[in-house]
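Plus 32 on top of the position in the sequence shown (first one is 1) and you've got the numbering used here. Don't be surprised by glycine CBs; every beta carbon is placed ideally from N, CA and C. See structure below.
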Amino acid sequence: MNKRLLILWLFYLQLHNSPFAQGLFKKFPQGRSPQEIGMKLAQTFINAPHGVYNAPGTKPHIPYFEVCNWYGALTFAALTNNKALRKKLVERYLPLMDKDSALLPVPDHVDYTVFGALPLELFLQTKDSTYFVTGRYYADKQWQAPEGPRVIPASFDYYKDGFTWQTRLWIDDMYMITLLQAQAYRATGDIKYIERAAKEMVLYLDKLQQPNGLFYHAADVPFYWGRGNGWMAAGMTELLRVLPEKNINYKRILSGYQLMMSTLLQCQAADGMWRQLVNDTASWKETSCTGMFSFAMITGVKNGWLSVKDYGNAALKGWLALTTYINEEGLITDVCEGTGAKNDRQYYLDRKKITGDFHGQAPVLWCASALLRTKEKK
Numbered sequence: 033m034n035k036r037l038l039i040l041w042l043f044y045l046q047l048h049n050s051p052f053a054q055g056l057f058k059k060f061p062q063g064r065s066p067q068e069i070g071m072k073l074a075q076t077f078i079n080a081p082h083g084v085y086n087a088p089g090t091k092p093h094i095p096y097f098e099v100c101n102w103y104g105a106l107t108f109a110a111l112t113n114n115k116a117l118r119k120k121l122v123e124r125y126l127p128l129m130d131k132d133s134a135l136l137p138v139p140d141h142v143d144y145t146v147f148g149a150l151p152l153e154l155f156l157q158t159k160d161s162t163y164f165v166t167g168r169y170y171a172d173k174q175w176q177a178p179e180g181p182r183v184i185p186a187s188f189d190y191y192k193d194g195f196t197w198q199t200r201l202w203i204d205d206m207y208m209i210t211l212l213q214a215q216a217y218r219a220t221g222d223i224k225y226i227e228r229a230a231k232e233m234v235l236y237l238d239k240l241q242q243p244n245g246l247f248y249h250a251a252d253v254p255f256y257w258g259r260g261n262g263w264m265a266a267g268m269t270e271l272l273r274v275l276p277e278k279n280i281n282y283k284r285i286l287s288g289y290q291l292m293m294s295t296l297l298q299c300q301a302a303d304g305m306w307r308q309l310v311n312d313t314a315s316w317k318e319t320s321c322t323g324m325f326s327f328a329m330i331t332g333v334k335n336g337w338l339s340v341k342d343y344g345n346a347a348l349k350g351w352l353a354l355t356t357y358i359n360e361e362g363l364i365t366d367v368c369e370g371t372g373a374k375n376d377r378q379y380y381l382d383r384k385k386i387t388g389d390f391h392g393q394a395p396v397l398w399c400a401s402a403l404l405r406t407k408e409k410k
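Shown next, in the form of structure tokens:
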């Protein structure tokens, strides 16, 4: 679907602005439905090699960005009842239980510990207790006493105050920590897991969220980097999906989420995309953050956290725009490369645009799943 046809489709939606009555999340241009796009990207993931990551001071391991893809593909398989797809996704994991077990991450950092969300999803779908044991191990290690080479003095302070010792107040943490603990709650029904995640989220909101609802890349870097903000948006969304409304922190988290969404709505480009620097119209349009923000809005509209009138078309515009960046091989283009924090606007504008990077592939699968879900049942 070219850009001109997309504009015409969006114009049609604006003329017929009774979203659910007109099947806002049910009618899509040919080739752009969540079923078609989700299957295309899931197949691309199955055919891709492991994204083995070997950061300084670590052993080669399955990285968080592959976990995010795998999780998205599994949820898509479940929502479409595609048993053949799920079988292939399970088969991708099986070698990690024996000959490739060395690729399992050591759970001493948020980016490594999130791996546990994957076996927990496999358990939820297959009921195989082997996956449960592995997943719960990672979830529990996150809240146990500090250990290992990444322990710093602050680790003990956070641990004593009831937070994970892996706390570092980086915005991407709020997807990594939240997803794992939410999955543990889904798998066990034990309220402690979701209460951990909620308490942690409030800490990050209180410390990091700016008055406009967005998040600086770092305390001394006053730029609203797209994917960094995307991790926060997606993390709050995953948490709100399962957090009981009676939880003491529910209203605080919902408020933080809604404040962020209101600013994102204002920053969305006319074609539905968001940018590398969220509020900087001179920065380029970036796909990983667009996927994360679209996932957050689609889920919010479906669950009633956001009004259909104000956010329905914006959520759909994000999805439709995103699908125009997927090439014939099922690879999404214009994904920002890995980016550290730097107090330099030009640094963000000059980041490379990558094709097929897992950071960009994963949010598209999350969106496909979100479009297929009904309202969450807690």
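Beta-bridge partners of residue i, as assigned by DSSP
i       : result
Cys-368 : Lys-385
Lys-317 : Arg-307
Val-234 : According to DSSP, Val-234 bridges with nothing at all.
Phe-257 : Reading the sequence as shown, one finds Trp at residue 257 and not Phe. Note: Trp-257 sits in a beta bridge opposite Leu-309.
His-93  : Tyr-85
Coil, strand or helix - residue i by DSSP
i       : result
Gln-241 : strand
Ala-87  : coil
His-391 : helix
Val-138 : coil
Phe-60  : coil
Arg-405 : coil
Phe-247 : strand
Ala-53  : Residue placement at Ala-53 is poorly supported in this model, since its pLDDT is 35, which falls under 50; the coordinates are not used for a value here.
Trp-398 : helix
Lys-410 : coil
Asp-27  : What is shown of the chain runs 33 to 410, which leaves residue 27 out entirely.
Glu-499 : Residue 499 lies beyond the range of the chain shown here (33 to 410); nothing can be said about it.
Pro-276 : coil
Ala-302 : coil
Gly-267 : helix
Gly-221 : coil
Asp-252 : coil
N- and C-terminal bounds of the alpha helix (DSSP H) containing residue i
i       : result
Glu-123 : 115 to 125
Trp-102 : 96 to 111
Tyr-282 : 282 to 299
Phe-77  : 66 to 79
Presumed contact (8 angstroms Cβ cut-off) between residue i and residue j, rounded CB distance
i       : j       : result
Pro-254 : Met-324 : So it is not a contact: roughly 21 angstroms between Cβ atoms.
Thr-319 : Leu-354 : 6 angstroms
Ser-401 : Leu-111 : 6 angstroms
Tyr-217 : Ile-226 : 4 angstroms
Ile-285 : Met-233 : 5 angstroms
Gly-362 : Gln-75  : 7 angstroms
Pro-92  : Leu-135 : 6 angstroms
Trp-197 : Pro-178 : 4 angstroms
Leu-156 : Tyr-125 : Not quite, the Cβ-Cβ distance comes to about 14 angstroms (not below 8 angstroms), so this is no contact.
Distance cut-off 7 angstroms: residue i Cβ against heavy atoms of the ligand FMN
i       : result
Val-122 : This structure lacks the ligand FMN; in fact it carries no ligand of any kind.
Residue i at chain C interface by Cβ criterion, 8 angstroms
i       : result
Asp-140 : Here there is only one protein chain, and chain C is not present.
Exercise for the section: Mind listing, in chain order, the continuous beta strand (DSSP E) runs of no fewer than 3 residues lying wholly within the region 154 to 214? Expected result: Complete beta strand (DSSP E) runs here, min 3: none at all.
Handout entry: Any alpha helix (DSSP H) of 4 or more consecutive residues that is wholly inside the region 322 to 376
Key = With a minimum length of 4 residues, the continuous alpha helix (DSSP H) runs that stay inside the region 322 to 376 are 340 to 355.
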